[in-house]
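Reviewing the structure listed below.
Residue numbers (this note's numbering), protein chains in the order written: chain G, 1 to 151; chain L, 1001 to 1083.
This is how it looks when you write it as structure tokens:
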């Protein structure tokens, strides 16, 4: 499996990453992708920005471990994970997961698995900034249950 | 010496991202390290309150029973919220 993870402040382009993932190979029959974006808040003061803090070193290792686990569960050909840190604006992309496989079943499943595990195991923390000040985002129980269904 | 890292809201509460500390006699696991730090009072006392603050040992998430040794890197942080 061709696997790579990246934690960086710069944005990413889905098309560019997808083309690079499949360039020069003809064994890929399916690519599933997930892109997470900074979402505007549903209530209260509007979101001005979102800052992502992470644990350099552990973050990359945790993401790589999640990808290896996905590769052990499904026959995958290639995986890319890009997760941004730093200060982002509403609408900005945060995270990209690309999974290439021979068939769609394993591509869809592994893409969802990687996101579910990332949400509970990768050391990132979000802080929202509004006109009222900053607030750390609380973890959600639904993220724990989403990850638990794979075990 | 053990290197302690704090992240996110906990980092802001304790006012530092990193400190080096000497383990007190008998402090041999994460649970005991939590108690050593919590004995300082607030805001470190949060380390033994409830189960919300997580720990990593040498960059791997661990439970409170994980054994400590000199030179380890320990991190404490709230539940993660990436993605």
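The beta carbon of each residue, even a glycine, is placed where N, CA and C say it ideally should be.
In this text, all values refer to a predicted model and were calculated from it rather than measured experimentally.
- Here the segment 93 to 109 of chain G lies against the segment 24 to 39 of chain G, with 3 or more beta-carbon pairs under 8 Å apart.
- In terms of Cα proximity to residue 1065(L), the closest of 1034(L), 1009(L), 1080(L) is 1034(L).
- Cβ neighbours of residue 37(G) within its own chain (closer than 8 Å, five residues either side excluded): 91, 92, 93, 94.
- Pairing residue 82(G) with residue 34(G) gives a Cβ-Cβ distance that is not under 7 Å.
- Counting only runs of 4 or more residues that sit fully inside the segment 1003 to 1045 of chain L, the alpha helix (DSSP H) segments are 1008 to 1014, 1030 to 1038, in chain order.
- Close partners of residue 1078(L) in chain G (Cβ separation under 9 Å): 125, 136, 138, 139.
- Contacts with chain L at 7 Å (Cβ-Cβ) include residue 95(G).
- Beta-bridge analysis with DSSP links residue 94(G) to no other residue.
- With a cutoff of 7 Å on beta-carbon distance, residue 75(G) and residue 106(G) are scored as near each other.
- For the pair residue 124(G) and residue 54(G), the CB atoms are nearer than the 7 Å cut-off.
- Per DSSP, residue 17(G) is one residue of the alpha helix (DSSP H) stretching across 14 to 22.
- Beyond the five residues adjoining it in sequence on each side, residue 41(G) comes within less than 8 Å, by CB distance, of 47, 128, 130 in the same chain, given in chain order.
- By the Cβ-count criterion, residue 84(G) is buried, with 16 or more other Cβ atoms from all chains shown falling within 10 Å of its own Cβ.
- Among the bridge pairs identified by DSSP, residue 136(G) is matched with 127(G).
- The beta carbon of residue 98(G) sits no closer than 7 Å to any beta carbon of chain L.
- Interface criterion met: the Cβ of residue 1009(L) is under 7 Å from a Cβ in chain G.
- DSSP lists 1062(L), 1076(L) as the beta-bridge partner residues of residue 1055(L).
- For residue 120(G), the neighbours in chain L by C-beta distance under 7 Å run, in chain order, 1080.
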